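Here's the structure we're looking at; comments come further down.
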DNA sequence: ACGTATAATTGTCCAGGACAGACTATTCCC
DNA sequence: GGGAATAGTCTGTCCTGGACAATTATACGT
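Chains as they are written, first to last, in this note's numbering: chain B, 85 to 395; chain A, 85 to 395.
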């Protein structure tokens, strides 16, 4: 039987805060204040881990740890809703509110077969593009929000991702491969497990007739660079979920940029880039899936203007 | 422009070895021996990082770092080929040798489109069941062996898994869901990333008309137990790749067994169980995919003999 | 041969110190 | 007063060197 308390390694994984940072906060701000096991090692109660998760999210939004460390759980929640906006209106998605609600209900009921059927029918009814833009994307936000406030178990989130992935692949499989515009290598960086982002991008790109090569998730940076060369692609596309640490992402993107020849562009997409911030110009950030066609057009324009002539 | 040398954080990402481990190896074995930047921080030359990557892989195979740290690059390469034993006869798979060779060739050529097409045609030609038993399973062995001896880059292995996954899901998607025999919850334990095993099992089970609920990979044990209850399944099916630690697997399976009601069976499959060893009897180990129909029949027989009567 | 006690190996944790880079506030000059 | 330059604060990451639990190998007795 495992005790509910977590070691520092587990907390690092759960919160995304490095061991060094956890120890430093304890030293400087007095929070977190883990217990110690008989061996003198830090042991974090679950409620502190939850608080850390919240703080971690707020810091990504630009807040400072000093003040957050002393805040109560209620204050943090208030801060989250304040920075993150309303608790997900759900009415924003035009006419698809019912579809979203039905999905959440099926998930809540652990109705795997019903969910499968519902997703499949929705895909066929809307068509792949509208399925993604009007259903999957807002649905991901809903599921993420439900997960963040503890309304969804791990297994329910897994079930959702698995079945949605299945539908997206069904959709992608029916697209006859094109050979237009830029050829794109798709994957995520190490630490980013969320596959749906890659699949949605894959579908949107394939629907534009673009040649896509997907490497799945978590490809080391060096391997991305060499694969880009071997596959002869013009663009490396990366997906980042909201959970990914902004600083880490920028650092790794910088590394990758340095390892790729200048002729290969980097396109970074995903909910991480939804809110504005100072971003380097050598990488193209695509905040919404709707912008993909525009981005492709821009690419073609750039290439026409300045034909491939590396210094 | 970043210099070709890498900081300790980058090396941690690239090799999967923690900062602590890197420093400890340096202290104990004198390798790696990074340079220092003007600020006294470790700076690793690329060749040392490559060596570290090799060592890291060999340690996964069960070798000890003490001896590996002092070895030359050549010795390490030799060790890699040695640990895998013979370079996989390849002739064992009856008439499908050509199919396997073609796949390896396409992978070696980084021909994503050709691979996609080849896999798709093979699936349609053989049919889903023979595709899995006669092609995917031996192919996985080949890819695993090629990867172990360094003949395959990370990105090639990713490409293979991604595209094979795509085909398997295409196949599964065409099966009309059944409701026979035991209902099965499918997933892998935390630490096991290999998705193909789950998908192959899913397909084989679905082809027998069994109701399957897949949670994808890496579901925490507690969540598996609660999900099994909420989904009302009679069997929890888990897949284990050869890379998974045997002891870890058995310990986790014991935990899971304790958390599940006795009426729910555990079926453990995957290449980890291919070689014989002392296995607990409270869990059913399925060493080959071919045995799944037999296992289903056995299940039905057991249930007929002792109808569901939990205390 | 087999099980057990002992020794070596190995990864992770700890404490406390240092410092670069980012951000903030203040000063100073035009 | 506006804007640039300066000093000051905040924060994360890296450093050293020590400790120990868990695993794995070796020696030993029966």
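Using N, Cα and C, we set each Cβ at its ideal position, and we do this for glycine too.
From a predicted model like this one, the values you see are computed outputs, not experimental measurements.
{"query": "Please give the ranges of any beta strand (DSSP E) in the region 312–372 of chain B, keeping only runs that are unbroken, at least 3 residues long and fully inside the region.", "result": "319–323, 349–353, 368–370"}
{"query": "State the beta-bridge partners of residue 253 of chain A as determined by DSSP.", "result": "DSSP lists no partner for residue 253 of chain A."}
{"query": "Hey, is residue 250 of chain A's beta-carbon within less than 9 Å of any beta-carbon in chain B?", "result": "yes"}
{"query": "Could you name the residues of chain B that residue 303 of chain A contacts, counting a contact when the two beta carbons are closer than 9 Å?", "result": "238, 239, 242"}
{"query": "With a threshold of 6 Å on Cβ separation, who are the neighbours of residue 352 of chain A within its own chain once the five nearest residues in sequence on each side are excluded?", "result": "322, 367, 369"}
{"query": "Please compile the residues from chain A whose C-beta is within a distance smaller than 8 Å of the C-beta of residue 315 of chain B.", "result": "194, 196"}
{"query": "Bridge partners of residue 128 of chain B, per DSSP?", "result": "B/90"}
{"query": "For the alpha helix (DSSP H) that contains residue 258 of chain A, what are its first and last residues?", "result": "First-last for residue 258 of chain A: undefined, no H or E at that position."}
{"query": "Quick one: which chain B residues come within Cβ less than 9 Å of residue 266 of chain A?", "result": "Residues of chain B passing the Cβ test: none, with the nearest at roughly 15 Å."}
{"query": "Apart from the five residues on each side of it in sequence, which residues of its chain come closer than 6 Å, Cβ to Cβ, to residue 164 of chain A?", "result": "233, 234"}
{"query": "In terms of alpha-carbon separation, which member of A/91, A/106, A/254 lies closest to residue 123 of chain A?", "result": "A/91"}
{"query": "Check the Cβ of residue 339 of chain B against every Cβ in chain A and list those closer than 9 Å, keeping chain order.", "result": "86, 90, 94, 97"}
{"query": "In whole angstroms, give me the CA-to-CA distance for residue 343 of chain B and residue 296 of chain B.", "result": "21 Å"}
{"query": "Following the continuous alpha helix (DSSP H) through residue 111 of chain A, name the residue where it begins and the one where it ends.", "result": "103–113"}
{"query": "Tell me whether residue 233 of chain A sits in a helix, a strand or coil according to DSSP, three-state version.", "result": "coil"}
{"query": "Extract the residue ranges of the beta strand (DSSP E) inside the region 255–307 of chain B, only unbroken runs of 3 or more that lie entirely within it.", "result": "264–271, 294–298"}
{"query": "Excluding the five sequence neighbours on either side, which residues of its own chain have a C-beta within less than 8 Å of the C-beta of residue 196 of chain B, listed in chain order?", "result": "243, 247"}
{"query": "Quick check on the burial criterion: 16 or more other C-beta atoms within 10 angstroms. Buried or exposed for residue 131 of chain A?", "result": "exposed"}
{"query": "Go through its chain and collect everything with a Cβ distance to residue 126 of chain B's Cβ below 6 Å, but skip five positions before and after it.", "result": "92, 118"}
{"query": "Give me the Cβ distance between residue 268 of chain A and residue 319 of chain A, rounded to the nearest whole Å; I'm assuming they're in contact under 8 Å.", "result": "5 Å"}
{"query": "When DSSP labels each residue in this structure, what does residue 214 of chain A get in the three-state scheme?", "result": "helix"}
{"query": "Residue 127 of chain A touches chain B at which residues, Cβ-Cβ below 7 Å?", "result": "None at all; the shortest Cβ gap to chain B is about 14 Å."}
{"query": "Counting only Cβ pairs nearer than 8 Å, list the residues of chain B close to residue 46 of chain A.", "result": "Outside the modelled stretch of chain A, which goes from 85 to 395, sits residue 46 of chain A, for which no answer is possible."}
{"query": "For the alpha helix (DSSP H) containing residue 151 of chain B, list its first residue and its last residue.", "result": "149–154"}
{"query": "Can you check DSSP and say which residues form a bridge with residue 120 of chain B?", "result": "B/126"}
{"query": "Could you compute how far the alpha carbon of residue 283 of chain B sits from the alpha carbon of residue 357 of chain A?", "result": "32 Å"}
{"query": "Do residue 191 of chain B and residue 136 of chain B have their beta-carbon atoms positioned less than 9 Å apart in this structure?", "result": "no"}
{"query": "To the nearest angstrom, how far is it from the Cα of residue 333 of chain B to the Cα of residue 382 of chain A?", "result": "51 Å"}
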